[in-house]
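Residue numbers (my numbering), protein chains in the order written: chain A, 1 to 194; chain B, 1001 to 1412.
Notes follow once the structure below has been shown.
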């Protein structure tokens, strides 16, 4: 069974490909370059096509499946029109699938589930990465605020941290917010700026 | 603007085009808020996304191609959800834009004319010459097979005996790629909503040779589409939304609001395009790309949002769309189709919701299309209403009650 993945995001395509390979599928063809999608698809002659939902080429793809004589077999979308739960899960995950008629339903469902799981995993990965970046930035801010306090008030590090914490509690703010305003103010006053 | 809690949230999808303006204005100029709803806009990248997200309920309503609910209900979409349109979103502003090369060829063949009949004839003779010389066929692009862009382009070229995929190649491309595709000669022309024709002109890769209203003076374009069961389950939100959009359409029509409308459309979260390519469709800038390039647009702007019943969902429009689907081979005639097609457009909902706010609403659901050569006052229970002109460029009439006869007559 030949599977084509159309995605400008190479990392996401890779994550999906790995998942499909783990599921025992090996005939996988990835299209990153959107300038010649049609030619590449004709060459690949796939049984299953995955395309990310935000790809503006979806309309082109559907038209091609409707009228093209180049790809011989008609392509049905989403496999089973009545399986709305899977369709919803696919749209939630940001992937759409096109599958040739005549493939075993169960087999296609398993592949589609893999694609959905992989897209969700990619999304989680991205969220985690963003969170990690935010946390790193927050830690840096607090460290900067502490050294500002240590310098300007002659405090030790634990004292500086305690001051940040009490201020945050008194003002019903987070330590990071207090640190941020401290660093910003210092920056404006030209002291120990970032 | 402060968010007032307790407002009903309506999620609306849109595609970045000039004709999505009523939704943007309703959401950002207080019309939705005044009706007690919070209209949350979501920009989408394809019509397939609009259709699928409405079908599964990720979006409540959307800026849709007028043929989309019809195609969906006839089983041409991938999902079974039934869709309706209780309101149109104005007359639209499509253009047929061609490469500089084809434009030069048309000008050589048809001489100094801006008449769309002469230009269609020129294209037919160019296509024939290319076939005789063994050159590749002309290729035209559209954005979706079930779109007014397709039916207008195919209708126009059919008048000179050209059939899609026989006498010219038809392809689908995302609108943002059209200008580049013209420049790189992947396509010879396209029919797409503004601003994309003007973008190709500004880009230096295209010239506009026909506009939507020159093919059909008062055809449908985009509509407010939704699942039938959403409309049934949320009658109050639907009524509030439609009133808000109607007021937004009136606002869009007011010449005094032109500059503000351009500013709203330009935003990076909306069309993300410069004013110069948005203004022509709104009758504010210069007509780009044709022989009148140095003349301002005519003062009667072709794009209408509210006037002349431009938001009324005519059943005769739905039937015209179905007739073109048959004519261009998208599906086969079936006796049970006509009720499905007619029920896709809901003038009854429009009349019940928009009538009471003091707006003149047509008394009939359907009309003979292509019969009015000037504005004519028509019957309306709620005030004085002018319709028309609504002529087709070839002078043909469309009788919504004689579809089979029509399709037999117009076979290419």
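Note that CB positions come from ideal geometry on N, CA and C, so glycine has one too.
Can you pull the DSSP bridge partners for residue i?
i, result
"residue 1417(B)", "As shown, chain B starts at 1001 and ends at 1412. That puts residue 1417(B) outside it, with no answer to give."
"residue 1038(B)", "1009(B)"
"residue 1222(B)", "1065(B)"
"residue 1164(B)", "1168(B)"
"residue 1357(B)", "According to DSSP, which records beta bridges pairwise, residue 1357(B) is partnered with nothing at all."
"residue 145(A)", "Paired residue(s): none; residue 145(A) is not in a bridge."
"residue 1094(B)", "1193(B)"
"residue 46(A)", "For residue 46(A), which the question treats as bridged, DSSP gives no partner whatsoever."
"residue 1386(B)", "1377(B)"
Strictly below 8 angstroms CB to CB, what residues from chain A border residue i?
i, result
"residue 1216(B)", "Within chain A, no residue comes near residue 1216(B); the closest Cβ sits about 23 angstroms away, beyond 8 angstroms."
"residue 1053(B)", "91"
For the ligand SAM, any of its heavy atoms closer than 6 angstroms to the Cβ of residue i?
i, result
"residue 1017(B)", "As presented, the structure is devoid of all ligands, the ligand SAM included, so that no description of it is given."
Verify whether the separation of the beta carbon atoms of residue i and residue j is less than 7 angstroms.
i, j, result
"residue 1015(B)", "residue 1040(B)", "no"
"residue 1205(B)", "residue 1182(B)", "yes"
"residue 141(A)", "residue 183(A)", "yes"
"residue 1097(B)", "residue 1141(B)", "no"
"residue 3(A)", "residue 28(A)", "yes"
"residue 160(A)", "residue 169(A)", "no"
"residue 120(A)", "residue 97(A)", "no"
"residue 37(A)", "residue 57(A)", "yes"
"residue 1225(B)", "residue 1064(B)", "yes"
"residue 1055(B)", "residue 1079(B)", "yes"
"residue 1138(B)", "residue 60(A)", "no"
"residue 1188(B)", "residue 1282(B)", "no"
"residue 1007(B)", "residue 1036(B)", "yes"
"residue 1195(B)", "residue 1128(B)", "no"
"residue 1106(B)", "residue 1119(B)", "yes"
"residue 1113(B)", "residue 1211(B)", "no"
"residue 1091(B)", "residue 1259(B)", "no"
"residue 1145(B)", "residue 63(A)", "yes"
"residue 1223(B)", "residue 1085(B)", "yes"
"residue 1353(B)", "residue 1242(B)", "yes"
"residue 1366(B)", "residue 1316(B)", "yes"
"residue 1111(B)", "residue 1062(B)", "no"
"residue 1336(B)", "residue 1159(B)", "no"
"residue 1073(B)", "residue 1344(B)", "yes"
Could you tell me the distance, in whole angstroms, from the CA atom of residue i to the CA atom of residue j?
i, j, result
"residue 147(A)", "residue 165(A)", "15 angstroms"
"residue 187(A)", "residue 133(A)", "22 angstroms"
"residue 1398(B)", "residue 1371(B)", "9 angstroms"
"residue 1358(B)", "residue 1060(B)", "27 angstroms"
"residue 1297(B)", "residue 1305(B)", "Unreliable placement is indicated for residue 1297(B), whose pLDDT of 43 sits below 50; the coordinate value is still reported in the next sentence. C-alpha separation (whole angstroms): 18 angstroms."
"residue 175(A)", "residue 91(A)", "39 angstroms"
"residue 1153(B)", "residue 1193(B)", "12 angstroms"
"residue 123(A)", "residue 138(A)", "23 angstroms"
"residue 130(A)", "residue 143(A)", "20 angstroms"
"residue 180(A)", "residue 1269(B)", "29 angstroms"
"residue 1388(B)", "residue 1157(B)", "24 angstroms"
"residue 88(A)", "residue 1380(B)", "44 angstroms"
"residue 40(A)", "residue 1042(B)", "31 angstroms"
"residue 100(A)", "residue 1256(B)", "54 angstroms"
"residue 1115(B)", "residue 1125(B)", "16 angstroms"
"residue 1049(B)", "residue 1228(B)", "18 angstroms"
"residue 1218(B)", "residue 1312(B)", "11 angstroms"
"residue 1362(B)", "residue 1028(B)", "29 angstroms"
"residue 172(A)", "residue 1221(B)", "54 angstroms"
"residue 1378(B)", "residue 1384(B)", "7 angstroms"
"residue 1390(B)", "residue 54(A)", "37 angstroms"
Since residue i meets chain A, which of its residues come closer than 7 angstroms, beta carbon to beta carbon?
i, result
"residue 1048(B)", "58, 59 and 62"
"residue 1172(B)", "59, 60 and 63"
"residue 1139(B)", "Result: empty, since nearest Cβ-Cβ is about 12 angstroms, beyond 7 angstroms."
"residue 1113(B)", "In chain order: nothing, as chain A lies at least about 32 angstroms away."
Applying a beta-carbon distance threshold of less than 7 angstroms, which residues of chain B neighbour residue i?
i, result
"residue 53(A)", "1049"
Chain B partners of residue i, CB-CB under 9 angstroms?
i, result
"residue 88(A)", "1056, 1057 and 1058"
Counting only Cβ pairs nearer than 9 angstroms, list the residues of chain A close to residue i.
i, result
"residue 1149(B)", "What residue 1149(B) touches in chain A: nothing, since even the nearest Cβ is about 11 angstroms away."
"residue 1176(B)", "56"
So with CB distances below 8 angstroms, who are the chain B contacts of residue i?
i, result
"residue 66(A)", "1145"
Exercise. Does the pairing of the stretch 1310-1325 of chain B with the stretch 1395-1408 of chain B give three or more beta-carbon distances under 8 angstroms?
Worked result: yes
For this session: Please confirm if the stretch 1205-1222 of chain B is in contact with the stretch 1172-1187 of chain B, defined as three or more CB-CB distances below 8 angstroms between the two stretches.
Result: Yes, since at least three Cβ pairs between the stretch 1205-1222 of chain B and the stretch 1172-1187 of chain B fall closer than 8 angstroms, the two stretches touch.
Exercise. Are the stretch 1242-1251 of chain B and the stretch 1012-1029 of chain B touching by the rule of at least three beta carbon pairs closer than 8 angstroms?
Worked result: Touching, yes.
Exercise. Are the stretch 1233-1243 of chain B and the stretch 1340-1359 of chain B touching by the rule of at least three beta carbon pairs closer than 8 angstroms?
Worked result: yes
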